[in-house]
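Chemist:
Chains as they are written, first to last, in the numbering used here: chain A, 1448 to 1562; chain B, 1111 to 2027.
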């Protein structure tokens, strides 16, 4: 299992963004776009096509899956959530990034105040 | 969340179309969600400023398009691999790596527009097909080296006229021996002349075959040894006298080398032919060798090669210009120039030593290859230029088509560029399309050429060397491949450049028609039409001039009435009729018998058939007009004829009388001359009927009294003016002539039956003499202009093709312009413009480039058709009738091409036109 996770690193920024957006709750496509936009302060705007191509790929890879919609009435949208593998990959990538960031700090690449 | 506005709806719809580009599996799973997400995003960004909204859409479109393309064309494992960046891979463009992908996309794109693809490929197929077919002829006839080792070192040696170097002649036996001595050991040399021989095969009818009589080691000079057996040795030649028809005095058996086909026909197999005996014209020959299959030097119908030696009298002969001299130059630098210098010196010496026969004669080496194509080269080059022009017209036409097509794709290209496709990439994409079209067109053209090559060969005149071997082979295919690629780049580059320059944002913002750069593009298109028209005009004028020449030529009066005339060679071989009186007896029997046939109006014979080129010529002396000291006599054509020739040929008598019964052996010798003779040699106040003439060296024949003047006959082809000629009566001459042309005038409508009767008659009179082919003089005349006729037909065909292409091109441009201007036309009509004015406007629009092209073409035609001038007859390059006919015809075609679009414009419904806007 560990090997399967390590194999996938590093993630593309897009994959990481989507995984991160789904970390707390299941979400539909539009929601993912809004969440990514919000978290990046509007700097990352996903196009619909880009997002759904990524969704398809990540589903094929077993990182995310469809989830039951909390709002039954809205049948036009599908909700997506992380799989176990997805969560593990997200964690592994976050750890890898954390290690990189702390390495950067130890080399004084980042100013201390930013902590 | 408000409903999307009208423009947003359009933008969303376009996104929907782009979503359809995704592979089916993805579409089924996600299309609805993608669209729903986009709708939400649309209403969200709807509140933003216009540029931001546009930026949003460009990004969305670009994502949809690039991902759709990636999913379609990248294998899933490749696509699924996580990678850095999202669309980078596509934008970091690698021409070679993406070639298969780009090519597939191009083919798909073409397949979606089958009409465009079909028109484009067909246009090119015609252009490239014509070029391929003509090239296969040119390659075979002119470019490919002759099938002899180091063929470029083979030279023919000719006399030429110092006053007019174009006039060449062969060598007399004595001249040849002089040349031979001069050349000495510095080069291999041999000579040959044609001779027919009667072949008696075991148990078969006698037949006449074409043979080559060779002096020296002809096969060795050519470098082609027999495939079986051996070539002849220096002393194996049988002795011949000259003229050759005088027979072969020494009785020793000769040796012969046969062609592969004759050896198979006679003995079943070349090997079996060796050491066998064949009888040629009553004399036994031992077969010592058989040439390889296909070896036919120097004429395509040669069946045997006989070595000969000259009798002492023949070796001194300086009157019979008989020998073709072939030299193989050694492989040394400058040897040709040195040899030519030596021959120049020799020619000067011969002019001094033999002023009578050699004054005014130079000696020239001519490469064998050059000599073989001398008669057809100009015509072939003309045709080559013509098909080149046709291809140019086709390319310009295609450039126009591509331009129109690319305008319709402005949006697609803009999106591609928005995706990050560089200018080079857009250019390549567009070029790839034209290359795909041109390769497909080239392939179709090669097939077309292959299909039409036989027809083309049959159109070609007889006697074009090596024509039969012309084929669509590897070399020719390579040529058409190169031509296709060149054409693809040629017609693709301009539209591609234009498209790659487009600014994506402006293309996307423009109206839904997606056209851009309208005005400059349509100017460009009209420019292309003008070029097309100009090229077609040049071709049409060239075709018109050759057609006029052809008509002028065939309308020339040959000087006699060819209708119903049949001709057949008759020959009294010495082994059957050794005495001259017997020869005459044979001729008389034949003519009498033929004259008595039911379908025959009259019959006679002549040493040379009218309209057969060359013929006999000899010095002319007029007793009453002696040649001044130091001058050499002129050559005139002479004919040795039977009685009744003029009645048979219907040559009119101008003065005096024709030959009568009283003119016979033993009576005072008489002669007839033609009008050209009078014009050339006699003064106004001379009475030709009081003069006496003789031909050849003085004293060979008696002085003969001129008893009449007859009309001129065009002997050297209809395009050549008739020259002076002398007619002598066979029965009054003691000459060893054994052959003649029997000429028979068949009663109207009995030509075929009469020909059969003549054949039976000849067989009856002497079954031992082989039957010759009976020819139809009328057909021979037609064939004598065969080259001209072929050029006219082909050039006319190519010009017509160019005209059609130009017409189609014009039609395309005008209807495209009308289509794009429908709203404008609608407004004009709504404002009260009369339909006739609209029609006139369209017509004017279409005709302006045509008139410009016409003027350009007329101007260009002067220098270009100058190249034709030596193939023209009776017309000059600037012939006003041809020019005005071409201009009129072209305007007519142009008006026709504009007519339908103009009519469509006048029927525009203003209301609908405006609503479409």
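Ideal Cβ positions, reconstructed from N, Cα and C, are used throughout, including at glycine.
(1) Threshold first: 4 residues or longer. Then list the alpha helix (DSSP H) segments lying entirely within the region 1492-1519 of chain A, N to C.
(2) Using alpha carbons as the reference points, say which of 1171(B), 2025(B), 1406(B) and 1141(B) lies closest to residue 1121(B).
(3) For residue 1144(B) and chain A, any beta-carbon pair shorter than 8 Å?
(4) Please report the straight-line C-alpha distance between residue 1987(B) and residue 1242(B), rounded to a whole angstrom.
(5) Would you mind giving the Cβ-Cβ distance between residue 1400(B) and residue 1386(B), rounded to the nearest angstrom? I have them listed as a contact below 8 Å.
(6) Among 1466(B), 1441(B), 1473(B) and 1430(B), which residue has its Cα nearest to the Cα of residue 1451(B)?
(7) In chain order, what residues of the same chain have a beta carbon less than 7 Å from the beta carbon of residue 1681(B), not counting five sequence neighbours either side?
(8) From the DSSP output, read off the bridge partner residues of residue 1475(A).
(9) For a test of the three-state rule: what should DSSP assign to residue 1849(B), helix, strand or coil?
(10) Below 7 Å between beta carbons is the criterion; list the residues of the region 1145-1162 of chain B that meet it against any residue of chain A, in chain order.
(11) Any idea which residues DSSP pairs residue 1512(B) with across the strands?
(12) Roughly how many angstroms separate the alpha carbons of residue 1210(B) and residue 1534(B), rounded to a whole number?
(13) I need the straight-line Cα distance from residue 1658(B) to residue 1664(B), nearest angstrom please.
(14) Does the region 1866-1886 of chain B touch the region 1735-1744 of chain B, meaning 3 or more C-beta pairs lie closer than 8 Å?
(15) What is the DSSP secondary structure of residue 1554(B), counted as helix, strand or coil?
(16) Taking C-beta to C-beta, are residue 1935(B) and residue 2015(B) nearer than 8 Å?
(17) Measure the Cβ-Cβ separation of residue 1331(B) and residue 1280(B) and say whether it is below 8 Å.
(18) So what's residue 1741(B) in DSSP terms, helix, strand or just coil?
(19) Using three-state DSSP, classify residue 1158(B) as helix, strand or coil.
(20) Could you check if residue 1222(B) is buried or exposed, using at least 16 other CB atoms within 10 Å of its CB as the buried criterion?
(21) How about residue 1265(B) and residue 1440(B): are their beta carbons less than 8 Å apart?
(22) For residue 1773(B), which residues in the same chain have their Cβ closer than 7 Å to its Cβ, ignoring the five residues on either side in sequence?
(23) I believe residue 1644(B) touches residue 1978(B) by the beta-carbon criterion, under 8 Å. Please report the beta-carbon distance rounded to the nearest angstrom.
(24) I need the DSSP call for residue 1561(A), collapsed to helix, strand or coil.
(25) Can you name the start and end residues of the alpha helix (DSSP H) that residue 1387(B) belongs to?
(26) Under a Cβ-count criterion, where at least 16 other Cβ atoms within 10 Å of its own Cβ denotes burial, should residue 1661(B) be classed as buried or exposed?
(27) Rounded to the nearest angstrom, what separates residue 1833(B) and residue 1759(B) at their Cα positions?
(28) Could you list the residues in the region 1488-1505 of chain A with a C-beta less than 9 Å from some C-beta on chain B, going in chain order?
(29) What is the rounded straight-line gap between the Cα of residue 1541(B) and the Cα of residue 1464(A)?
(30) Rounded to whole angstroms, how far is the Cβ of residue 1530(A) from the Cβ of residue 1511(A), which I believe are closer than 8 Å?
(31) Roughly how many angstroms lie between the CA atoms of residue 1686(B) and residue 1693(B), to the nearest whole one?
(32) Are the C-beta atoms of residue 1480(A) and some chain B residue less than 8 Å apart?
(33) If I measure Cβ to Cβ from residue 1939(B) and keep anything under 8 Å in the same chain, skipping five residues before and after, which residues do I get?
(34) Contact between the region 1455-1466 of chain B and the region 1308-1323 of chain B is defined here as three or more beta-carbon pairs at a separation below 8 Å; is this criterion met?
(35) So that I know if they touch, is there some Cβ in chain E lying closer than 8 Å to that of residue 1527(A)?
(36) Within this structure, are the beta carbons of residue 1143(B) and residue 1476(A) separated by less than 8 Å?
Modeler: Per the coordinate set shown:
(1) Here the runs fully enclosed are 1495-1507.
(2) Ranking the options by Cα distance to residue 1121(B), first place goes to 1171(B).
(3) Under the 8 Å criterion on CB atoms, residue 1144(B) is classed as interfacial with respect to chain A.
(4) Near 28 Å, if we compare the C-alpha coordinates of residue 1242(B) and residue 1987(B).
(5) Not confirmed; about 10 Å, so no contact.
(6) It is 1473(B).
(7) Excluding positions up to five away in sequence, the list reads 1848, 1849 and 1879.
(8) Residue 1475(A) pairs with 1526(A).
(9) Of the three classes helix, strand and coil, the one that applies to residue 1849(B) here is strand, per DSSP.
(10) Flagged, chain order: 1146, 1147, 1148, 1150 and 1151.
(11) In the DSSP output, where bridge partners are listed per residue, residue 1512(B) has none listed.
(12) Distance between the alpha carbons of residue 1210(B) and residue 1534(B): 17 Å.
(13) Straight through space, the alpha carbons of residue 1664(B) and residue 1658(B) are spaced by roughly 10 Å.
(14) The answer is no - the region 1866-1886 of chain B does not touch the region 1735-1744 of chain B, with fewer than three Cβ pairs under 8 Å.
(15) Secondary structure at residue 1554(B): helix, using DSSP grouped into helix, strand and coil.
(16) Taking the C-beta atoms as reference points, residue 2015(B) is found nearer than 8 Å to residue 1935(B).
(17) Cβ distance not < 8 Å, so residue 1331(B) and residue 1280(B) don't count as in contact.
(18) Three-state DSSP puts residue 1741(B) in coil, outside helix and strand.
(19) In this structure, residue 1158(B) counts as coil in the three-state DSSP scheme.
(20) Exposed.
(21) One thing to note: residue 1265(B) has its Cβ no nearer than 8 Å to the Cβ of residue 1440(B).
(22) Contacts found: 1780, 1839 and 1842.
(23) Actually they are not in contact, since the Cβ atoms of residue 1644(B) and residue 1978(B) sit about 17 Å apart, beyond 8 Å.
(24) Per-residue confidence for residue 1561(A) stands at a pLDDT of 45, beneath the threshold of 50, marking its modelled position as unreliable; no derived number is given.
(25) Annotation: residue 1387(B) is outside any alpha helix (DSSP H); the continuous beta strand (DSSP E) that includes it extends over 1387-1390.
(26) In the assembly as shown, residue 1661(B) is an exposed residue. Its beta-carbon has fewer than 16 other beta-carbons within 10 Å.
(27) Straight-line Cα distance between these residues: approximately 18 Å.
(28) So the close ones are 1492, 1493, 1494, 1495, 1496, 1497, 1498, 1499, 1500, 1501, 1502, 1503 and 1504.
(29) Computed Cα separation, rounded: 40 Å.
(30) Contact between residue 1530(A) and residue 1511(A) holds, since their C-beta atoms are separated by about 6 Å, short of 8 Å.
(31) The straight-line gap from Cα to Cα measures roughly 9 Å.
(32) Closer than 8 Å: yes.
(33) Excluding sequence neighbours, residue 1939(B) sits near 1945, 1948, 2018, 2020 and 2023.
(34) By the Cβ test, the region 1455-1466 of chain B is not in contact with the region 1308-1323 of chain B, since fewer than three Cβ pairs between them sit closer than 8 Å.
(35) The chain labelled as chain E is not found among the protein chains of the depicted structure, namely A and B.
(36) Contact: yes.
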